[in-house]
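Student:
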């Protein structure tokens, strides 16, 4: 069985640019973003790593740790970081995993089990599927997954928006509609009865359909 939303995020021990970590212990009581890259010194990923470094204060504000992964040695990451700072203006300010034996890529179903156990001799195309984003909650369960091709840069502002929605739901049991932004109206899920909704939304809501009730976003 592959990983699904709600699956326990596989735990692992790995070398990173900030020392060895045990993933679940590293997360602690926080949320976490694990985002992966097929190889060091690849062009699109270079832009992503720099932009994530610029956005990191926003993830910090949301109690969310960020960790990257590339199927190359940690030592290579340090050299790549210099290129990232030179071209993007900001070097990675979060740990980067060196997944040289492909363990994490396999645990997270990004590579099949028969892909060998070494990054040596592998190209970015060999690792093309190691290009995912996993949002992990404090309960260590996967809350969301995104997978992109190598030719398309990921939208990290969208990942922030997704995180806002997930954290709002975790706190208030609400859903968010299309193109929702923090502060917009929310949807009361069908699993919440009208009686329960009256306690949660004393100001009321608008019923567009019996299954579609819209209310103001609850305060934190």
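Numbering (this note's numbering), first residue to last: 71 to 290. For each residue, glycine too, the CB sits at the ideal point set by N, CA and C.
By a C-beta neighbour count over all protein chains shown, 10 Å radius and 16 as the cutoff for buried, is residue 75 buried or exposed?
Tutor: Flag for residue 75 reads exposed.
Student: From this set, 185, 240, 273, which residue's C-alpha is nearest residue 259's C-alpha?
Tutor: Residue 240 is the option with its Cα nearest to residue 259.
Student: Give me the Cβ distance between residue 210 and residue 78, rounded to the nearest whole Å; I'm assuming they're in contact under 8 Å.
Tutor: Yes, they are in contact, since the Cβ atoms of residue 210 and residue 78 sit about 6 Å apart, within 8 Å.
Student: Which residue's Cα is closest to the Cα of residue 190: 156, 226, 141?
Tutor: Comparing Cα positions, the closest option is 141.
Student: Could you check where the beta strand (DSSP E) with residue 106 kicks off and where it finishes?
Tutor: Looking at the DSSP string, the run of the beta strand (DSSP E) that includes residue 106 is 101 to 107.
Student: Following the continuous alpha helix (DSSP H) through residue 168, name the residue where it begins and the one where it ends.
Tutor: Run containing residue 168: none in the alpha helix (DSSP H); it sits in the beta strand (DSSP E), 166 to 168.
Student: Go to residue 235, then tell me how far its alpha helix (DSSP H) extends in each direction, as first and last residue.
Tutor: Residue 235 -> alpha helix (DSSP H) spans 226 to 242.
Student: Nearest-angstrom Cα distance between residue 131 and residue 192?
Tutor: Cα to Cα, residue 131 sits roughly 37 Å from residue 192.
Student: Measuring CB atoms only, is the region 194 to 210 touching the region 90 to 105, in the sense that at least three cross pairs come out at less than 8 Å?
Tutor: Segments in contact, yes.
Student: Thinking just about the alpha-carbon of each residue, which of 108, 278, 112, 134 is nearest to the one in residue 202?
Tutor: The shortest C-alpha separation from residue 202 is found at 108.
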